[in-house]
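A.B. asks: Chains S and Z are the protein sequences, given in the same order.
According to this note's numbering, the residues represented by the first sequence are 2 to 414, in order.
According to this note's numbering, the residues represented by the second sequence are 2 to 414, in order.
The structure under discussion is supplied below as structure tokens; questions concerning it will follow.
There are 2 protein chains.
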Amino acid sequence: MKFGGTSVADLDRINHVADLVAEQARTSTGGVAVIVSAMAGETNRLVGLANGAAGSALVGEAFDDEYDVIVASGEQVTSGLLALALRRRGFRARSWLGWQMPMITNHVHGKARIEDIEGNGFPEAIASGEIAVVAGFQGRTEDGRITTLGRGGSDTSAVAVAAALNAARCDIYTDVDGVYTTDPRIVPKARRIDRISYEEMLEMASLGAKVLQTRSVELAMNHGVPIRVLSSFVDTGDQQNSGTLVCDEDEIMEKQVVSGIAYSRDEAKISLLGVSNHPGIAADIFSRLAAANINVDMIVQADSRGPETANMVFTCTERDSELAVSVLTDARDEIGFDRIVVDKDVAKVSVIGVGMRSHTGVAKTMFDALFAKGINIQVISTSEIKISVLIDSSYTELAVRALHSAYGLDTVS
Amino acid sequence: MKFGGTSVADLDRINHVADLVAEQARTSTGGVAVIVSAMAGETNRLVGLANGAAGSALVGEAFDDEYDVIVASGEQVTSGLLALALRRRGFRARSWLGWQMPMITNHVHGKARIEDIEGNGFPEAIASGEIAVVAGFQGRTEDGRITTLGRGGSDTSAVAVAAALNAARCDIYTDVDGVYTTDPRIVPKARRIDRISYEEMLEMASLGAKVLQTRSVELAMNHGVPIRVLSSFVDTGDQQNSGTLVCDEDEIMEKQVVSGIAYSRDEAKISLLGVSNHPGIAADIFSRLAAANINVDMIVQADSRGPETANMVFTCTERDSELAVSVLTDARDEIGFDRIVVDKDVAKVSVIGVGMRSHTGVAKTMFDALFAKGINIQVISTSEIKISVLIDSSYTELAVRALHSAYGLDTVS
Chain S
2 MKFGGTSVAD LDRINHVADL VAEQARTSTG GVAVIVSAMA GETNRLVGLA NGAAGSALVG
62 EAFDDEYDVI VASGEQVTSG LLALALRRRG FRARSWLGWQ MPMITNHVHG KARIEDIEGN
122 GFPEAIASGE IAVVAGFQGR TEDGRITTLG RGGSDTSAVA VAAALNAARC DIYTDVDGVY
182 TTDPRIVPKA RRIDRISYEE MLEMASLGAK VLQTRSVELA MNHGVPIRVL SSFVDTGDQQ
242 NSGTLVCDED EIMEKQVVSG IAYSRDEAKI SLLGVSNHPG IAADIFSRLA AANINVDMIV
302 QADSRGPETA NMVFTCTERD SELAVSVLTD ARDEIGFDRI VVDKDVAKVS VIGVGMRSHT
362 GVAKTMFDAL FAKGINIQVI STSEIKISVL IDSSYTELAV RALHSAYGLD TVS
Chain Z
2 MKFGGTSVAD LDRINHVADL VAEQARTSTG GVAVIVSAMA GETNRLVGLA NGAAGSALVG
62 EAFDDEYDVI VASGEQVTSG LLALALRRRG FRARSWLGWQ MPMITNHVHG KARIEDIEGN
122 GFPEAIASGE IAVVAGFQGR TEDGRITTLG RGGSDTSAVA VAAALNAARC DIYTDVDGVY
182 TTDPRIVPKA RRIDRISYEE MLEMASLGAK VLQTRSVELA MNHGVPIRVL SSFVDTGDQQ
242 NSGTLVCDED EIMEKQVVSG IAYSRDEAKI SLLGVSNHPG IAADIFSRLA AANINVDMIV
302 QADSRGPETA NMVFTCTERD SELAVSVLTD ARDEIGFDRI VVDKDVAKVS VIGVGMRSHT
362 GVAKTMFDAL FAKGINIQVI STSEIKISVL IDSSYTELAV RALHSAYGLD TVS
């Protein structure tokens, strides 16, 4: 069971979490491990202190190890508090910090990757019936320094612990009651999905449906750990709180052709016009962007005035777009192009579903639905289980609603 | 160098501490280790959270291990912050948590005793020129659980680290600029003491001069670590900030007969009247009190109406007095006494000085001075380097001032 920052925001909420864990421990045949985040706001407070001490001008890798020492204290406090709240309810429980299990990570402070859970006495304690309350988000290096896994890293901690314990399931409690076919704020008829495959969830997560951290889904897929996403803001024993199960495709009986519609407004379209077209030009452009750590998403290349020149269009996040322009402008003479145009008023809308692999006509349905609403498609990209289009951002809601209906995802009631 | 909670209360003060440490590191020929407390107020905040989670009705030993996990996070944060502030000033520095050094303690959570500093790489790091910023107040058990040393335990951490490193000196920075001949709030003519012996400091500390934790002085005496008490609320390089050196008696050239006057108002006098006098009666009474964890201080036994009955008078803290009365009342039939009287309006005033060992007339001076002010002495107790009297608490200030003058401790200016 994993509980995020809003689920443990104060003592009232921690007591409610203790009730949920107690209910699970009472009804479970196996042992229970609980992974907790820092109390909401605590990580920001600690980061603020650390920035103040380091001086904002000097923040950088040379400081990250001590950042981790400071910030990891947030989860430490929550794990102790929840252990106390469980003992108060008559359960055996104890906190486990990253260095105690130990959760061994690499040395990349601030965004470390888990390498191993050595589990010195940790699985044995759970097997003995003691509830393990694990401080999420943190680990330690082989040589005994504290590391953190990056924002949202507690999801990853939870899946790693579930994998190490061969757990039947990893329940991620959050402030929503599951994964929806699309954003319910845009489409009130959006439905909660009962089961979704890891691959679909990865596409949903990477496209802005911020329920689970992408890394945690990858890890779960690699280790075959089923994740259940459900709400901590319900009463104990609420049978309606079954959430969404993220699992292997094979365990989903009734596969939808399309499972969900995702969108992202944090997109910028950059067009390089009149690029002198010669072999290796794409490699040249995108290796420069990669060297600047810019994540390029959709890419389209098309002839321009003739076969000698091309237009190269790609998308990246809005934040990265200014850096991308300056990198390319600096190399204008070497690359050779006429001009560069940036458009931030774009949005990416995607339909996702493992059923696409075996069904035809999915793309046609998408293009028809958008055309019927008069929405112009600027860029198209596809993968095995996803079709994404770039459109004018002012049409985002209209497009999402049209697609949600077109694929029969609206609730019937 | 050790800095308490008020010295690291916020980022401004932490930056000032970093300046003081930087100054020391620049001028010192050897290495520097810094021990820090939690930021002022932080420990109370964490204890409040822990009490809330545990439920006040259930606080007890069964919860102390998780209390330690929660509360130790306060020093963890400060150690990271000071390490960052030192790096910002161009120094190599890193935090060391109790479990990292490791500082091994026994299993008594909440008031653990240090057993060993294994110092895996810790002395080597300091020898290499890196400033070690040690989280005070915390250690770990052999089996890897976090412990804390009890309130004020950072002083003890500091002395233990100094002893383990064979440090030339342990500088304890606090909010006063040294140890005074008596409380300056009562006697404005009180003087800062340049040098004081461990034994005298122990008597001062245990009698309510709350500059240093008693255990830290004992530890320093046992390991021959000189402690310097000085203020962190001064500018760097302030030559006046020499503080008070607590050291071996042999290193004090000009010994005062009396070094200081201490007092304590947290006293209660309990009189058992008409105790049936037979061998073993004192052992019976005081073993009952010891079993209830009541610390008895002064004891006087005197015949009452005749040799068959005695009056037994003793003192303890006000807090313990009610428990003492109930323990003794419960055992009244077995002990055999007429009645029990409690007086909380008493204070203990003590004169302290290693010079008493070789000087006579110290007690006479004390009794004369008190008699001259019309102050009645209720109980007297003496040790090699201390004479204490119990008096009516409303005479406390008058007595302290009279004694301070009588032993020539007033400043001459």
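Every residue, glycine too, gets a C-beta built ideally from N, C-alpha and C.
(1) Would you say the stretch 106-122 of chain Z touches the stretch 103-114 of chain S, given that touching needs at least three Cβ pairs under 8 angstroms?
(2) Figure out for me which residue from ILE173(S), MET313(S), GLY362(S), HIS360(S) has the closest Cα to the Cα of ASP339(S).
(3) How far does the alpha helix (DSSP H) with VAL160(S) in it extend, from its first residue to its last?
(4) Would you check if the stretch 154-163 of chain S and the stretch 9-22 of chain S touch, i.e. whether three or more CB-CB distances between them fall below 8 angstroms?
(5) Any beta carbon from chain S within less than 8 angstroms of PHE138(Z)'s own beta carbon?
(6) Is the Cβ of GLY130(S) closer than 8 angstroms to any Cβ of chain Z?
(7) Return no unless some Cβ of chain Z is closer than 8 angstroms to the Cβ of LEU166(S).
(8) Can MET367(S) and LEU404(S) be called in contact, C-beta distance under 8 angstroms?
(9) Hey, THR183(S) and GLY261(S): beta-carbon distance below 8 angstroms or not?
(10) Quick one: which residues of the stretch 143-157 of chain Z get their C-beta closer than 7 angstroms to a C-beta of chain S? List them in chain order.
(11) Is PHE4(Z) buried or exposed, if buried means 16 or more other CB atoms sit within 10 Å of its CB?
(12) Excluding the five sequence neighbours on either side, which residues of its own chain have a C-beta within less than 7 angstroms of the C-beta of GLY354(S), listed in chain order?
(13) What's the gap between the Cα of PHE287(S) and the Cα of ILE336(S)?
(14) Would a check of beta-carbon distances place ILE93(S) closer than 8 angstroms to chain Z?
(15) Taking buried to mean at least 16 other C-beta atoms within 10 Å of its own C-beta, is HIS108(Z) buried or exposed?
(16) Would you kindly report the start and end of the unbroken alpha helix (DSSP H) that includes ALA128(S)?
(17) Measuring straight from C-alpha to C-alpha, what distance separates LEU324(Z) and ARG93(S)?
(18) Determine the chain S residues that contact ARG89(Z) at a beta-carbon separation under 8 angstroms, and present them in chain order.
(19) Taking its Cβ as the centre, do 16 or more other Cβ atoms sit within 10 Å of GLU417(Z), making it buried, or is it exposed?
(20) Check the Cβ-Cβ distances between GLY337(Z) and every residue of chain S, and say whether any is below 8 angstroms.
(21) Thinking just about the alpha-carbon of each residue, which of SER395(Z), ILE381(Z), ASP369(Z), SER389(Z) is nearest to the one in SER406(Z)?
(22) Is the beta carbon of ARG229(Z) less than 8 angstroms from the beta carbon of ILE194(Z)?
(23) Looking at ASP344(Z) and ALA400(Z), is the spacing between their C-beta atoms short of 8 angstroms?
(24) Residues of chain S with CB under 9 angstroms from GLN77(Z), in chain order?
(25) Taking the alpha carbon of GLY31(Z) as the point to measure from, which residue in LEU203(Z), VAL390(Z), ARG170(Z) has its own alpha carbon closest?
(26) Within 10 angstroms of the Cβ of GLY409(S), are there 16 or more other Cβ atoms? Answer buried if so, exposed if not.
(27) Is the Cβ-Cβ distance between LYS112(Z) and LEU87(Z) less than 8 angstroms?
(28) How far does the beta strand (DSSP E) with GLN379(S) in it reach, from first residue to last?
(29) Comparing C-alpha positions only, which one of ALA348(S), VAL188(S), GLY179(S) sits nearest to ILE197(S)?
(30) What would DSSP say about ARG170(Z), mapped onto helix, strand or coil?
(31) Give the single residue among GLY145(Z), THR142(Z), LEU82(Z) whose Cα lies nearest to the Cα of ALA136(Z).
(32) Verify the CB distance criterion: does LEU213(S) have a CB-CB separation below 8 angstroms to chain Z?
(33) Give me, in chain order, the residues of the same chain whose beta-carbon lies closer than 7 angstroms to that of PHE234(Z); leave out the 5 immediate sequence neighbours on both sides.
(34) If we count the other Cβ atoms within 10 Å of its Cβ and call it buried at 16 or more, is PHE315(Z) buried or exposed?
(35) How about ASP69(Z) and THR157(Z): do their beta carbons lie closer than 8 angstroms?
(36) Considering Cα atoms alone, identify which of GLY6(S), ALA303(S), ILE378(S) is closest to SER80(S).
C.D. replies: In brief:
(1) no
(2) MET313(S)
(3) 154-165
(4) no
(5) no
(6) no
(7) no
(8) yes
(9) yes
(10) GLY145
(11) buried
(12) GLU201, GLN257, VAL258, VAL259, SER260, ILE386
(13) 11 angstroms
(14) A small correction: the amino acid at residue 93(S) is Arg; Ile does not occupy that position in the sequence shown. For ARG93(S), the answer is no, since every Cβ of chain Z falls outside 8 angstroms of its Cβ.
(15) exposed
(16) 123-128
(17) 32 angstroms
(18) ALA54, ALA55, GLY56, LEU59
(19) As displayed, chain Z neither begins before 2 nor continues past 414, which places residue 417(Z) out of reach and without an answer.
(20) no
(21) ASP369(Z)
(22) no
(23) no
(24) VAL70, ILE71, ALA73, SER74, GLN77, ILE147
(25) ARG170(Z)
(26) exposed
(27) no
(28) Looking at the DSSP string, GLN379(S) is not in any beta strand (DSSP E), and its letter there is neither H nor E.
(29) GLY179(S)
(30) coil
(31) LEU82(Z)
(32) no
(33) ASP176
(34) buried
(35) no
(36) GLY6(S)
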